[in-house]
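If you read the sequence shown in this note's numbering, its first letter stands for residue 280, the second for the next number, and so on. We treat Cβ as the ideally placed atom computed from N, Cα and C, and that holds for glycine.
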Amino acid sequence: MRSVLRLVVTVVLLALAAAFAGSVFCPPAHERDSIPAAAERYREAPSPGRLEGEAEPDRAVVTKGPSAAPASVERPGVLRVRVTDPDGAPVDLAEVFVAWAERDGAPPALHGITDGDGLWSHESMPFAAFEVHAVKDGWFPSEKVVVAFRGGEEEEVHLVVRPGGTVEGLLYGMDGRPASSGWIRFTQLDTGEVRLTKPDVRGSFHSGPLTRGAWKLEWLDRQGGEPLREVAWVAAVEPGAHYRVEVTLPRPEDRSTWLEGRTPGVRVLP
């Protein structure tokens with residue numbers, strides 16, 4: 280009987296020991312931690328293998344904000360301008376104008392003067408297209424050349440200007456005072472080409488470059504008016520020739536103000 284009782288006690292003790300072990304190593308569902316996310320459960324999973332010689336897969340790195348470096352560094356362009364006459368001789372003191380090619384009506388972006396070798400340059404040209412031409416007092420302007428800078432290019436532009444003949448003068452009244460009224464008309468007698476210029480407040484005027492040939496100077500009281508008979512002069516113009524003249528009008532109407540020894544007409548100055 281005692282052996283049976285001892286056996287029962289042993290079985291009960293073994294059952295209690297098993298229950299205690301299960302509660303420690305396998306807690307009930309309400310006492311367990313939450314199930315980890317899939318990324319956590321497979322975090323330690325090995326990466327897929329790669330064959331020998333197989334290219335390493337691309338690893339894109341995205342950077343946002345001002346810390347992102349540009350793909351390439353933009354370098355300014357260099358513009359070099361050479362101005363010559365039709366024979367290739369350098370022209371100094373020519374004015375070079377650089378204008379925005381795609382901005383109609385905008386003022387010139389750059390302006391420079393050629394040196395004794397007919398050269399002018401600018402080394403900080405921005406990325407854009409520009410229209411370049413050259414002028415010089417008494418010379419016919421060059422053609423306009425368009426040049427574009429897209430990535431730090433060095434561009435050289437050759438511009439050709441042609442010399443013309445010029446006539447400059449001063450307009451006076453018979454009282455010896457400068458006159459600024461009316462217009463000075465230059466007419467090419469061979470071709471009929473006409474140039475009109477208005478004297479400034481000091482009575483000064485300039486013909487601009489004239490082609491080779493005979494040019495007649497006249498004074499008009501208004502555009503389209505008849506020339507004054509007392510004021511007329513013809514100049515034989517050659518490229519590079521320069522005339523200085525003094526033009527006197529039979530004005531004002533009050534003759535008492537006229538200076539003695541002064542006569543209407545055109546006088547060529549030395």
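Per the DSSP calculation, residue i is bridged to which residue(s)?
i, result
"residue 486", "Partner(s): none; residue 486 has no beta bridge."
"residue 404", "356"
"residue 495", "466, 513"
"residue 445", "521"
"residue 361", "398, 437"
"residue 450", "526"
"residue 457", "451"
"residue 389", "377"
"residue 414", "374"
"residue 369", "363"
"residue 557", "Residue coverage of the chain in this structure runs from 280 to 549, which leaves residue 557 outside it and unanswerable."
Quick check: the Cα distance between residue i and residue j, rounded to an integer number of angstroms?
i, j, result
"residue 428", "residue 411", "13 Å"
"residue 354", "residue 434", "14 Å"
"residue 464", "residue 496", "6 Å"
"residue 368", "residue 489", "21 Å"
"residue 440", "residue 486", "17 Å"
"residue 547", "residue 432", "52 Å"
"residue 613", "residue 492", "In the structure as shown, the chain begins at 280 and stops at 549. Residue 613 is therefore absent and cannot be evaluated."
"residue 394", "residue 422", "20 Å"
"residue 366", "residue 509", "41 Å"
"residue 479", "residue 468", "26 Å"
"residue 361", "residue 436", "6 Å"
"residue 426", "residue 363", "19 Å"
"residue 528", "residue 514", "19 Å"
"residue 379", "residue 424", "12 Å"
"residue 530", "residue 549", "25 Å"
"residue 519", "residue 545", "21 Å"
"residue 483", "residue 536", "22 Å"
"residue 359", "residue 430", "16 Å"
Just tell me which of the options has its CA closest to the CA of residue i.
i, options, result
"residue 522", "455, 444, 480", "444"
"residue 417", "373, 493, 424", "373"
"residue 402", "426, 487, 439, 357", "357"
"residue 477", "462, 378, 491", "462"
"residue 438", "447, 446, 399, 518", "399"
"residue 475", "446, 359, 451, 381", "446"
"residue 543", "484, 507, 378", "507"
"residue 525", "381, 498, 396, 359", "498"
"residue 404", "395, 470, 389, 413", "389"
"residue 407", "381, 442, 501, 361", "381"
"residue 540", "397, 378, 366, 453", "453"
"residue 385", "393, 472, 396, 409", "409"
"residue 502", "473, 359, 537, 451", "473"
Excluding the 5 residues flanking residue i on each side, which residues of the same chain have their C-beta closer than 8 Å to its C-beta?
i, result
"residue 481", "449, 457, 459"
"residue 376", "387, 389, 390, 411, 412, 413, 414"
"residue 505", "499"
"residue 538", "453, 454, 455"
For the beta strand (DSSP E) that contains residue i, what are its first and last residues?
i, result
"residue 538", "Where residue 538 is concerned, there is no enclosing beta strand (DSSP E), given that its DSSP letter is neither H nor E."
"residue 395", "Where residue 395 is concerned, there is no enclosing beta strand (DSSP E), given that its DSSP letter is neither H nor E."
"residue 434", "433-439"
"residue 427", "424-427"
"residue 544", "544-548"
"residue 472", "Where residue 472 is concerned, there is no enclosing beta strand (DSSP E), given that its DSSP letter is neither H nor E."
"residue 378", "374-379"
Hey, would you say the C-beta of residue i is under 7 Å away from at least one heavy atom of the ligand MN?
i, result
"residue 399", "The ligand MN is not part of the structure shown, which contains no ligands of any sort."
Can you find the residues in the same chain that come closer than 6 Å, C-beta to C-beta, to residue i, ignoring five residues on each side of it along the sequence?
i, result
"residue 511", "497"
"residue 419", "441, 443, 488"
"residue 310", "In this prediction, residue 310 has a pLDDT of 47, which is less than 50 and means its spatial position is unreliable; what the coordinates show is noted afterwards. If we look at residue 310 and ignore the five residues flanking it on each side, it has no Cβ neighbours."
"residue 466", "473, 495"
Counting only the same chain and skipping the five closest in sequence on each side, list residues whose C-beta sits under 7 Å from that of residue i.
i, result
"residue 396", "369"
"residue 517", "444, 491"
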